[in-house]
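Numbering (the numbering used here), first residue to last: 22 to 338. Where is the CB? At the ideal position from N, CA and C, for every residue including glycine. As the structure is a prediction and not an experimental result, all values here were calculated from the model.
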């Protein structure tokens, strides 16, 4: 019996791995409805605070799209994989300038070689100041401000696009369909005079808070006070504050340790999986669990007495 089967009854794991496609379809509909509601509220109120609230909510739902795209990369949306990929591209990935298969190519290798030199995420972030901890608090603040003025966002987008392009296996037909999607959107925006709204309610959230939320989640998953010598200490689960779920942890993405151990479990069953695993004393004592993104994670990453520039990146195991 391997270690993973000792942590949870295989029959329980099988039950938790069963897809309930209607839950994900409802989640996709809810996310789009929330975006539409935020835009309508802002336009009705015509107030700067209402607009800022809309930007935050829309960016949070963009992050939610990314989290559900992550589910699609693991084939955890619906059973029909072809339909799942096309639906996820149209409703989740393409609107945030991504593709399911491009993300999948990178992400599944990350799972196979987590936090080692063969992990593309690890290798890409190795030595980057924004992923080297501990840091002084002011450096962390500068990083976050860099996203709010879009400088860091553009940097991250170009960096990821370059990485994904190296392993692009999409067909010419797929590329033409994707380009057609963006051209059709541009034509619709032009015909109906929507470019101002698109800029205010899509491009601004995308290049500011959406990329900021992605960065914070990326740090939370594998960086800052981690024990890379232990499988249970090299990925982090975060107990988010209620408001943080809307922005940093949509669709249970905060249960990252559990996801790495059992990637076949869909997002809606991760809380139950976590609860089952926590009944195992060995797991509960070793699992890296942090309380809050803005509290616990911040305290693990930023220290007042940290060196001006961190000396080195943690050694992979």
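Item, Value
"Closest residue to residue 194 among 188, 202, 187 (Cα-Cα distance)", "202"
"Counted within 10 angstroms of its Cβ, other Cβ atoms place residue 50 as buried (16 or more) or exposed", "exposed"
"Beta-carbon proximity of residue 275 to residue 259, cut-off 8 Å", "yes"
"Length of the line joining the Cα atoms of residue 167 and residue 184", "21 Å"
"Extent of the continuous alpha helix (DSSP H) to which residue 283 belongs", "Per DSSP, residue 283 belongs to no alpha helix (DSSP H) and is neither H nor E."
"Residue 303 versus residue 227: straight-line alpha-carbon distance, rounded", "41 Å"
"For residue 334, the three-state DSSP class (helix, strand or coil)", "A caution first: residue 334 carries a pLDDT of 43, below 50, which makes its placement in the model too unreliable to give a value."
"Residues near residue 297 in its chain [Cβ-Cβ closer than 7 Å; skip 5 each side]", "29, 33"
"Where the beta strand (DSSP E) containing residue 311 begins and where it ends", "310–312"
"Under the three-state DSSP convention, the category residue 39 falls into", "coil"
"Assigned secondary structure, residue 258 (DSSP; H/G/I helix, E/B strand, else coil)", "strand"
"Nearest neighbour of residue 343, chosen from 43, 238, 313 [CA to CA]", "Any question about residue 343 goes unanswered here, given that the chain covers just 22 to 338."
"Sufficient close CB pairs (3 or more, under 8 Å) joining the region 264–272 to the region 108–115", "no"
"CA-to-CA distance, residue 133 to residue 247, given in whole angstroms", "19 Å"
"Buried or exposed by the 16-neighbour rule on C-beta atoms within 10 Å, applied to residue 190", "exposed"
"Separation of residue 122 from residue 178, as counted between CA atoms", "17 Å"
"DSSP state of residue 276 mapped onto helix, strand, coil", "strand"
"Own chain residues within Cβ distance below 6 Å of residue 240, not counting five before or after", "none"
"Whole-angstrom distance between residue 48 and residue 41, CA atom to CA atom", "12 Å"
"Buried or exposed by the 16-neighbour rule on C-beta atoms within 10 Å, applied to residue 66", "exposed"
"Distance between residue 243 and residue 341 (C-alpha atoms, nearest Å)", "Residue 341 lies beyond the range of the chain shown here (22 to 338); nothing can be said about it."
"Contact belief for residue 249 with residue 136 at Cβ below 8 Å, rounded distance in angstroms", "6 Å"
"Residues of its chain near residue 71, where Cβ-Cβ distance is below 7 Å and the 5 sequence neighbours each way are ignored", "62, 63"
"Alpha-carbon to alpha-carbon, residue 158 and residue 234", "18 Å"
"Coil, strand or helix - residue 156 by DSSP", "strand"
"DSSP bridge partner residues for residue 323 (one or two, in chain order)", "156"
"Which listed residue (324, 214, 251) has its alpha carbon closest to that of residue 309", "251"
"Other residues of its chain near residue 117: CB distance less than 8 Å, five sequence neighbours each side excluded", "83, 86, 87, 90, 227, 231"
"Residues near residue 365 in its chain [Cβ-Cβ closer than 7 Å; skip 5 each side]", "Outside the shown range of the chain, which is 22 to 338, sits residue 365, and nothing can be said about it."
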